[in-house]
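Residue numbers (my numbering), protein chains in the order written: chain A, 661 to 971; chain B, 661 to 971.
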DNA sequence: TATGGAGACAACCGTTGGTTGTGGCCGGGT
DNA sequence: ACCCGGCCACAACCAACGGTTGTCTCCATA
């Protein structure tokens, strides 16, 4: 099915005749006739009843029409999402199910008229480059890792601390714990595949390891969270860290447990980054929204690496 | 833009490489390469970065991907709306802005997961034929006009009485009235273009005229409500009837007035009609919903033709 | 009854979109 | 260090699609 054909269908439905639709679309009446016939062959029903002085929609045609319009609307938005110029606010975050995702959902509820696009870049370096190039408008990241101070043209504000939780299977030694202290984790194997050196998230876990003497294995490629969850669920001796705001969707029978970590609570600090000169109006709205709804970061009893910008 | 190309894009994005996507789609790798190149030419940005061992999404590609998926979802629904078999509940009503539309909106809010299609057929005769043929599942209509008793296989229930209002321009003699009695309308010109003999709505207004001695002109073709509103707004001596639940969208400076009519209140009776044997599960839901939320019909002080099924 | 406007069908043809064949690039194994 | 294998791009070729022109039928209207 071709969007041009849908445009033809809508034009013919609006005009009530093929001839006029053809004129609008700058093609011949025969072309319109063929396109409609092709569409009808495609969907398997007759969409117009042809009369000697025009063509009117059948019942099926009437039912199909709003769907066709919707399709064209969505197509327009899809193209707009990548067209330069007035385009949706494009935001990067570390993971699709991180706490930043919850913030953006809340923002979308508050301002449903603002078009949003979410992307996930590799790390803070790519994110900063994308912000400077204008490829994205904002980014939720932890800053500023050692050796990578934020450039002067990038501004940031800390918006949310996400407490880490331990994710373990039902056969794990800590499976029945209501919560665990960081000290209790010493000696347990914690697996975080895909932890790539040089990224800000690797730097975060490096500091966590150094500070509390944990053991984190970063071996093996990251085959995605599904594969990770499967392995964790089935392996008694293995645990992993996961953002406490993560909304997991996994088969109910996995039996996975999420255990809060305390003394102190390790929190992953999300800051919003943007370019000083970015004029996107929705960016100002987002910043104002986050400032108004900002809650709990830098609270007592929490831990972050000392390179994290305090407020 | 072609939906097949979008499917190719999504498949390639999911697979992370063109080769595998090509295998899934049962075409050659070269065809996928060409399609992606065409799509990129179409939207004007590069969607993939080609590497020697695959292709990964650019930032723009990431932003475009959810839109592409949405487009395919909408396309699927569009086709489903006309496919026989499990399809959306298809409901006919007399006008897109009648009270029935409000009922269906409320139903949609209550059951957003139920797919709905609304069509507008010519009259009760077409509606009954469509219900019997299965082309529609239900219809909001006034029944049962003289000489057209409902067939035995069609069931009905009265669901809503819509009070009529007088619609007049700012220069009309009654423009400043808070309400008018039917008796006061005697001698005023009431214009209802498109009132077609033999339809149930024409029968309704015929009875209204006969009962209260009104003057209704049905001359001229109906060029749509916009044209009607324009004329009414500009013509001091002209009025028309309009459903009291109608949500009008007209330029604010039209200056149109809607005046309630009393003594008695003429109400247009909407009944839900359906086929005795229609098994569509959403139909049962709709009937239950309407039964639970049904309000005010057959109230004292209202008038309907005596052929209207009382309850 | 003649006329004009609208859609369908047929014939024709250029362009599009598929295929096969081939070459370049880069990572990993030997 | 080198070669192999996997993956994508480019070129050439060809069928099929989608457009145009020309013509016919149908029916409402004058």
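Just so it is clear, CB atoms sit at the ideal spot from N, CA and C, and this is done for glycine as well.
Using a C-beta cutoff of 9 Å, does residue 796/A count as contacting chain B?
-> Residue mapping note: residue 796/A aligns to position 136 of the first chain, counting from 1. It does: the Cβ of residue 796/A has a partner Cβ on chain B nearer than 9 Å.
Rounded to whole angstroms, what's the CA-CA distance from residue 664/A to residue 730/A? Just pull it up for me.
-> For the purposes of this step, residue 664/A is identified with residue 4 of the first chain, where counting begins at 1. For the purposes of this step, residue 730/A is identified with residue 70 of the first chain, where counting begins at 1. Roughly 14 Å separates the two Cα atoms.
Would you check if the distance between the CB atom of residue 714/A and the CB atom of residue 677/A is smaller than 9 Å?
-> The sequence position of residue 714/A within the first chain is 54, counting from 1. The sequence position of residue 677/A within the first chain is 17, counting from 1. Yes.
Beta-carbon spacing of residue 718/B, residue 695/B below 9 Å | Here residue 718/B refers to the residue found at position 58 when the second chain is read from its first residue. Here residue 695/B refers to the residue found at position 35 when the second chain is read from its first residue. Taking 9 Å as the Cβ cut-off, residue 718/B and residue 695/B do not qualify as a contacting pair.
Helix, strand or coil for residue 873/A per DSSP?
-> The sequence position of residue 873/A within the first chain is 213, counting from 1. Coil, per DSSP.
Consult DSSP for residue 825/A and reduce its assignment to one of helix, strand or coil.
-> The residue given as residue 825/A occupies position 165 in the first chain. Of the three classes helix, strand and coil, the one that applies to residue 825/A here is strand, per DSSP.
Could you tell me the boundaries of the beta strand (DSSP E) in which residue 949/B lies?
-> Here residue 949/B refers to the residue found at position 289 when the second chain is read from its first residue. For residue 949/B, there is no enclosing beta strand (DSSP E); the residue is part of the alpha helix (DSSP H) that begins and ends at 941 to 953.
In chain B, which residues lie with their C-beta within 9 Å of the C-beta of residue 790/A?
-> Stepping through the first chain from its first residue, residue 790/A is reached at position 130. Per Cβ cutoff of 9 Å: 719.
Got a sec: is the Cβ-Cβ distance from residue 735/B to anything in chain A below 9 Å?
-> Position 75 of the second chain holds residue 735/B. Residue 735/B counts as touching chain A.
Minimum Cβ-Cβ distance from residue 942/A to chain B less than 9 Å = Working through the first chain from its first residue, we reach residue 942/A at position 282. No - not a single Cβ of chain B is within 9 Å of the one on residue 942/A.
Using a threshold of 8 Å, is the CB atom of residue 828/B nearer than that to any non-hydrogen atom of the ligand GDP?
-> Absent from the structure shown: the ligand GDP. Ligands present: none.
Let me know if residue 692/A comes out buried or exposed under the rule of 16 or more other beta-carbons within 10 Å of its beta-carbon.
-> As a working mapping, residue 692/A is identified with position 32 in the first chain. Counting Cβ neighbours within 10 Å, residue 692/A comes out buried, since at least 16 surround it.
If we call anything under 9 Å between Cβ atoms a contact, is residue 834/A one with residue 825/A?
-> Your numbering for residue 834/A matches position 174 in the first chain. Your numbering for residue 825/A matches position 165 in the first chain. No. Outside cutoff.
Can residue 818/B and residue 969/B be called in contact, C-beta distance under 9 Å?
-> For the purposes of this step, residue 818/B is taken as residue 158 along the second chain, with counting starting at 1. For the purposes of this step, residue 969/B is taken as residue 309 along the second chain, with counting starting at 1. It is a contact, given that the beta carbons lie within the stated cut-off.
Verify whether the separation of the beta carbon atoms of residue 710/B and residue 720/B is less than 9 Å.
-> Your numbering for residue 710/B matches position 50 in the second chain. Your numbering for residue 720/B matches position 60 in the second chain. Against a cut-off of 9 Å, the Cβ pair of residue 720/B and residue 710/B comes out as no contact.
State yes or no: is the C-beta of residue 879/B within less than 9 Å of the C-beta of residue 847/B?
-> The sequence position of residue 879/B within the second chain is 219, counting from 1. The sequence position of residue 847/B within the second chain is 187, counting from 1. No, Cβ-Cβ distance for residue 879/B and residue 847/B is not below 9 Å.
Beta-carbon gap between residue 1001/A and residue 967/A smaller than 9 Å | For residue 1001/A there is no data in the structure shown, the boundaries of chain A being 661 and 971.
Could one say the Cβ of residue 674/A lies closer than 9 Å to chain B's Cβ atoms, at least one of them?
-> By one-based count along the first chain, residue 674/A stands at place 14. Chain B contact via Cβ: absent.
Taking Cβ positions, are residue 842/B and residue 900/B nearer each other than 9 Å?
-> Position 182 of the second chain, counting from 1, holds the residue named residue 842/B. Position 240 of the second chain, counting from 1, holds the residue named residue 900/B. No. Outside cutoff.
In the segment 674 to 692 of chain A, which residues sit with their C-beta less than 8 Å from some C-beta in chain B, listed in chain order?
-> none
CA-CA distance, residue 735/A and residue 750/A?
-> Start at 1 with the first residue of the first chain, and residue 735/A comes out as number 75. Start at 1 with the first residue of the first chain, and residue 750/A comes out as number 90. Cα to Cα, the separation comes out at about 18 Å.
According to DSSP, what are the bridge partners of residue 710/B?
-> Within the second chain, residue 710/B is the residue found at index 50, counting from 1. The partner list for residue 710/B (beta bridge, DSSP) reads 715/B.
Along the chain, where does the alpha helix (DSSP H) that runs through residue 768/A open and close?
-> Position 108 of the first chain, counted from the first residue, corresponds to residue 768/A. For residue 768/A, the enclosing alpha helix (DSSP H) covers residues 759 to 770.
Is the Cβ of residue 727/B closer than 9 Å to any Cβ of chain A?
-> Taking the second chain and counting its residues from 1, one reaches residue 727/B at position 67. Taking Cβ atoms only, chain A reaches closer than 9 Å to residue 727/B, which makes this a yes.
Express the C-alpha separation of residue 779/B and residue 961/B in angstroms, rounding to a whole number.
-> Translated into the one-based positions of the second chain, residue 961/B becomes position 301. Translated into the one-based positions of the second chain, residue 779/B becomes position 119. Going from the Cα of residue 961/B to the Cα of residue 779/B covers about 32 Å.
Check each candidate in 764/A, 681/A, 916/A, 897/A and name the one with the smallest Cα separation from residue 948/A.
-> If you number the first chain from 1, residue 948/A lands on position 288. When only C-alpha atoms are compared, the closest one is 764/A.
For residue 849/B, name the three-state secondary structure that DSSP assigns.
-> Translated into the one-based positions of the second chain, residue 849/B becomes position 189. Residue 849/B: strand per DSSP, three-state reduction.
With residue 898/A as the anchor, note down where its beta strand (DSSP E) starts and where it stops.
-> What you label residue 898/A is simply residue 238 of the first chain in a count that begins at 1. Run containing residue 898/A: 898 to 903, per the beta strand (DSSP E) assignment.
Using 8 Å as the threshold, is the segment 737 to 747 of chain B in touch with the segment 781 to 792 of chain B, meaning 3 or more CB pairs across them?
-> Counting Cβ pairs under 8 Å, fewer than three are found: no touch.
Alpha carbon to alpha carbon, what distance is there between residue 776/B and residue 768/B?
-> Taking the first residue of the second chain as position 1, residue 768/B is located at position 108. Taking the first residue of the second chain as position 1, residue 776/B is located at position 116. Approximately 8 Å, taken between the alpha carbons.
So residue 823/A and residue 904/A are in contact, right, with Cβ under 8 Å, and what is the actual spacing, rounded?
-> The sequence position of residue 823/A within the first chain is 163, counting from 1. The sequence position of residue 904/A within the first chain is 244, counting from 1. At roughly 4 Å, the Cβ-Cβ gap stays under 8 Å, so residue 823/A and residue 904/A are in contact.
Please say whether residue 797/B and residue 927/B have beta carbons closer to each other than 9 Å?
-> To locate residue 927/B, count along the second chain from 1; it is residue 267. To locate residue 797/B, count along the second chain from 1; it is residue 137. No, the Cβ-Cβ distance between residue 927/B and residue 797/B is not below 9 Å.
Those residues which DSSP pairs with residue 929/A across a bridge = Residue numbering aside, residue 929/A sits at position 269 when the first chain is read from its first letter. Beta-bridge pairing links residue 929/A to 821/A.
Is residue 727/A helix, strand or coil by DSSP?
-> Sequence index remark: in the first chain, residue 727/A carries index 67 (1-based). Helix, per DSSP.
Could you have a look at residue 749/B and say whether DSSP puts it in helix, strand or coil?
-> Numbered from 1 along the second chain, position 89 holds the residue referred to as residue 749/B. Residue 749/B falls in the strand class under three-state DSSP.
Identify which residue in 756/A, 794/A, 808/A has its Cα closest to the Cα of residue 939/A.
-> Here residue 939/A refers to the residue found at position 279 when the first chain is read from its first residue. Comparing Cα positions, the closest option is 794/A.
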